[in-house]
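Below is one structure; the comments refer to it alone.
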Amino acid sequence: MLLSEQTYKKIDREVAKFPPDQKQSAVMAALQIAQDETRWLPPEVMQDIADYLGMPAIAVQEVATFYNMYNTKPVGKYKISVCTNLPCQLSGGEKAAHYLKHKLGIDYRETTDDDLFTLVEGECMGACGDAPVMLVNNKRMCSFMSDDKIDALVEELKK
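Going by full-length UniProt numbering, the residue at position 39 of the sequence shown is 39; the numbering climbs one at a time, nothing skipped.
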């Protein structure tokens with residue numbers, strides 16, 4: 001087993017939500033729980049989840065590569081997703097992305113040398129009225145991201 005006992009207990013809680021013959025229904029939750037521990041999902045972790053849920057490894061990989069919330073390549077401690085859909089772009093998203101790229105010294109799909117930040121393009125986050133919008137580690141929504149708010153976010157995450 002590659003993951004901690006605590007992680008498997010969390011996965012077990014998700015598995016318990018489904019009938020015993022449908023353990024594989026917990027695959028999305030299991031991937032997220034595993035990623036919380038490992039930061040990304042290397043092939044051996046996806047294989048372990050497949051074995052644990054009794055499903056083909058390719059099925060787990062298909063889920064992990066379909067959704068952009070799963071990291072199938074190494075990422076920094078903080079993955080910042082910048083909404084690049086049109087409403088955000090028209091409301092300052094491109095400017096905010098340019099500012100953040102310059103501040104971090106990286107482009108999309110790159111990680112800072114200190115392994116702290118990875119920057120990615122994000123799809124619509126359902127908060128068009130709050131544009132420009134960014135998402136930290138798939139869990140924390142940041143709205144109205146002006147240069148000052150970007151500075152404050154980066155400083156907070158560095159601590």
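For each residue, glycine too, the CB sits at the ideal point set by N, CA and C.
Short Cβ contact (8 angstroms threshold) for residue i with residue j
i    : j    : result
K17  : A26  : yes
Y78  : N138 : no
L116 : K158 : yes
S91  : A131 : yes
Candidates the options, of which the one nearest residue i by Cα
i    : options                : result
L119 : D48, P19, I150         : I150
K9   : Y108, S91, Y52         : Y52
M69  : F144, D148, M145, L135 : L135
K23  : E5, D36, G54           : G54
D147 : Y99, P43, D36, E123    : Y99
P43  : D36, Q61, L86, E14     : Q61
N71  : A97, M125, M28         : M28
V133 : I58, Q47, A96, E156    : A96
G126 : E155, D114, L86, E94   : L86
G93  : D113, D36, E123, E156  : E123
Bridge partners - residue i, DSSP secondary structure assignment
i    : result
M141 : L135
I80  : L119, V136
T111 : T118
Same chain, Cβ closer than 7 angstroms to residue i, neighbours up to 5 away in sequence not counted
i    : result
A34  : L3, T7, L41, V45, I49
T38  : V45
L153 : C142
F144 : D130
Y108 : L119, V120, E121
V75  : R39, W40, T111, T118
K101 : D107, L119
Nearest-angstrom beta carbon gap, residue j and residue i [assumed within contact, 8 angstroms]
i           : j    : result
residue 198 : C128 : Residue 198 is absent from the structure shown; the chain starts at 1 and stops at 159.
T84         : E121 : 4 angstroms
Residues of its chain near residue i, where Cβ-Cβ distance is below 8 angstroms and the 5 sequence neighbours each way are ignored
i   : result
P56 : A50
Close beta carbons around residue i, own chain, < 6 angstroms, minus the five adjacent residues each side
i   : result
Q47 : A57
E14 : A26, A29
Check: residue i C-beta below 7 angstroms from any heavy atom of the ligand FMN
i    : result
D147 : Among the components of this structure there are no ligands whatsoever, and the ligand FMN is therefore not found.
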